[in-house]
Amino acid sequence: MLAARVPRTSAAMYGHALLRRTFASEATVAALPQHRYVDLPNLDQHSQLRTNITRALASVVPGWDSTAPANVTLQHLSGAMTNVIFTCEKPTPVNSKILLRVYGTGTD
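The UniProt record's numbering applies: residue 1 is where the sequence shown begins, and numbers increase by one.
In structure tokens:
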């Protein structure tokens with residue numbers, strides 16, 4: 001498990017006006033715990049993303065059906081407004097490089 005360290009809320013981070021509206025006094029802010037620990041499962045999100053993309057491509061793109069997720073290289077391309085765009089590359093020659101667009105929320 002991982003422990004996430006969350007710093008104490010401070011006037012330097014949020015400004016006195018916001019703290020005054022949120023908390024009754026500076027003493028209340030000072031009494032806040034300095035750290036909060038949250039147990040997080042060990043997740044490899046990049047690995048899960050690569051697995052899901054490989055499965056999706058295997059179902060629609062010829063030549064991807066026998067590709068292992070570990071052999072796929074993903075590169076996130078920036079610049080899309082509401083979509084997420086990846087180049088997906090595998091070592092075998094048939095359809096070895098694919099451009100994948102994941103539509104954003106509320107787009108067609």
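Think of the CB as a built atom: it goes at the ideal place given N, C-alpha and C, for glycine as much as any other residue.
For Thr87, the number of other beta carbons within 10 angstroms of its own is below 16, and it is reported as exposed.
Of the candidates Ser66, Val61, Thr51, Met81, the residue whose Cα lies closest to the Cα of Lys97 is Val61. Taking 4 residues as the shortest admissible run, the region 51-107 contains no complete alpha helix (DSSP H) segment at all.
In this structure Ala58 touches Thr67 by the C-beta definition: roughly 6 Å separates them, less than 8 Å.
About 4 Å separates the CB atoms of Pro69 and Thr51; that is less than 8 Å, so the two are in contact. In this structure, Ile85 sits near Leu99, with a CB-CB distance shorter than 8 Å. By alpha-carbon distance to Ser78, the top candidate from Trp64, Val102, Asp65, Asn71 is Val102.
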